[in-house]
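Protein chains in written order, with my numbering: chain G, 1074 to 1303; chain E, 14 to 113. Beta carbons: idealized from backbone N, C-alpha and C, even for Gly. One structure below.
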Amino acid sequence: MHIMEGFLPWQWCLVWWIVALPCLILGINQLKRVLAADREALPLLGVTGGFIFILSSLKLPSVTGSCSHPTGTGLSTISFGPWITAVVCAIVLLFQSLFLAHGGLSVLGANIVSMGIVGPLAGYGLYRLLRDTSVNIYITVFLVTALADMFTYITTSLELALAYPAESGGFVSSFILFLGIFAVTQIPLAIVEGIVLALVFKYIIALKPDILIRLKIFSKEKINAARNEV
Amino acid sequence: MKFKYSLEVMTVIAIVAFCAVFLYTSSTMSGAEFSGSDNIGSGLIAKLTGTPVENFKPLITQWKPPSGEIESCLFAFQAAAGGILVGGVFGYWIGQKKKA
């Protein structure tokens, strides 16, 4: 999903930085508050952030004949919300910009918006919808993860289509072309990522259910039900 | 009695199915290069603007890994950092549980 350095006009780089910066500030403040309230949230942050590091480093081949990578933002989105996830993603994307030439500093804002903000926001919206329903925790994690992943790539397509509308067909035509490259490639990856992270959540529930209850991520009843389900 | 490892089995099936789809696709698709979608996206930008890819210059000069191998090494380093973090915390939690 990386927009490469130099491939976005400076005006658009600025726009996406302006969108990303307030979200990052909000995320840092929220992170301070969460950690001040409960230090035991720190290991959970480590696990959810660790999966963003791992999964976003895996370039996997897909059905379209090209490679792409999962984002791993689902766990962090469910556990800490989109703003803290944006901060973790910013760290990963900065590392990739500085040392891997994937993305870049000028386009970092645009890449943070797609991977760290819009994807997690979409996932978080779905999580809030499903949290208090009877939908199983693992199905919730699967759907949130897959949706956050897909929306990341849809947003990248949108950012590029806005900057580069096609001569015939304009923005819509360009958006469809970019979706064909980014979003279609991502569908199988998003499904596998959703299943893998649902399994990881099973282990978090098995080892540290109390932190999930204290942070009000899921209710005690739902967590107990999940422990007996699979 | 419910099967304790059904989620693990589903995960393995999903990964095997994913690999099978890739193997099928790579053997039947002619001209598939399996390069990164980022690069293909950059190629489409070049096509849409009529400007060759090499004419897109970085707005902020950046360091590039000197070879693909070094790039792979750094990607592995990123995954390892995440792995150490995840493994460390799970170990910490297991230790806490045993202590309790």
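Counting only Cβ-Cβ distances below 9 Å, G:Gly1189 has no contacts in chain E at all, with the closest Cβ about 16 Å away. The beta-carbon of G:Thr1258 is placed less than 8 Å from the nearest beta-carbon of chain E.
Only Glu84, Leu87, Phe88, Gln91, Ala92, Ala94, Gly95, Gly96 from the segment 79-96 of chain E bring a Cβ to less than 7 Å from some Cβ of chain G.
With a cut-off of 8 Å on Cβ pairs, the segment 1156-1169 of chain G is not in contact with the segment 1279-1293 of chain G, counting fewer than three such pairs. A contact is defined here as three or more CB-CB pairs under 8 Å, and the segment 1100-1118 of chain G fails this definition with respect to the segment 1210-1223 of chain G. One thing to note: G:Ala1236 has its Cβ no nearer than 8 Å to the Cβ of G:Gly1182. Under DSSP, the beta-bridge partners assigned to G:Pro1134 are G:Cys1140. Cβ neighbours of G:Phe1126 within its own chain (closer than 8 Å, five residues either side excluded): Gly1145, Val1165. Contacts between E:Gly108 and chain G, judged by CB atoms closer than 7 Å, are missing: the closest CB pair is about 10 Å apart. Around E:Thr62, the beta-carbon contacts reaching into chain G at under 8 Å are Tyr1237.
Residue burial annotation: E:Cys86 is exposed, with fewer than 16 other C-beta atoms found within 10 angstroms of its C-beta. Beta-bridge annotation (DSSP): G:Gly1100 is not paired with any residue. Within the DSSP bridge table, the entry for E:Gly49 names G:Cys1140 as partners. Per DSSP, the unbroken alpha helix (DSSP H) holding E:Thr24 starts and ends at 19-41. The contact set of G:Leu1171 on chain E, defined by CB atoms closer than 8 Å, consists of Gln75, Trp76 in chain order. Residues of chain G with a Cβ closer than 8 Å to the Cβ of E:Gly49 are, in chain order, Lys1132, Ser1139, Cys1140, Ser1141. Residues of the segment 21-35 of chain E with a C-beta atom less than 7 Å from some C-beta of chain G are Glu21, Met23, Thr24, Ala27, Ile28, Phe31, Val34, Phe35, listed in chain order. Secondary structure at G:Ala1298: helix, using DSSP grouped into helix, strand and coil. When the Cα atoms are used, G:Val1160 and G:Thr1228 turn out to be separated by approximately 18 Å. Taking 8 Å as the cut-off between beta carbons, the residues of the segment 1098-1127 of chain G near chain E are Pro1116, Leu1117, Gly1119, Val1120, Gly1122, Gly1123, Phe1124, Ile1125, Phe1126, Ile1127, in sequence order.
Counting along the chain, E:Gln91 sits inside the alpha helix (DSSP H) bounded by residues 81-112. Taking a beta-carbon distance threshold of 8 Å, E:Ser55 counts as an interface residue toward chain G. With respect to chain E, the C-beta atom of G:Ile1268 has a partner C-beta closer than 8 Å. For a cut-off of 8 Å, the C-beta gap from G:Gly1147 to G:Val1214 is around 6 Å, short enough to register as a contact. Segment contact: the segment 1234-1251 of chain G against the segment 1111-1124 of chain G, fewer than three CB-CB distances shorter than 8 Å; contact not assigned. Contact holds between the segment 1128-1144 of chain G and the segment 42-58 of chain E, because three or more Cβ pairs, one in each stretch, are under 8 Å apart. Comparing alpha-carbon positions, the option among G:Ile1277, G:Gly1196, G:Met1188 lying closest to G:Phe1255 turns out to be G:Met1188. Around the beta carbon of G:Asp1222, 16 or more other beta carbons lie within 10 angstroms, which makes this residue buried.
In the three-state scheme derived from DSSP, where H, G and I count as helix and E and B as strand, G:Ala1263 is classed as helix. Residue state for G:Ala1239 is assigned as strand, using DSSP reduced to three classes.
About 12 Å separates the Cβ atoms of G:Val1265 and E:Ala33, ruling out a contact at the 8 Å cut-off. Linking E:Ala93 to G:Leu1288 through their CA atoms gives a straight-line distance of about 28 Å. Measuring C-alpha to C-alpha distances from E:Thr74 to each of G:His1175, G:Leu1128, G:Leu1220 identifies G:His1175 as the nearest.
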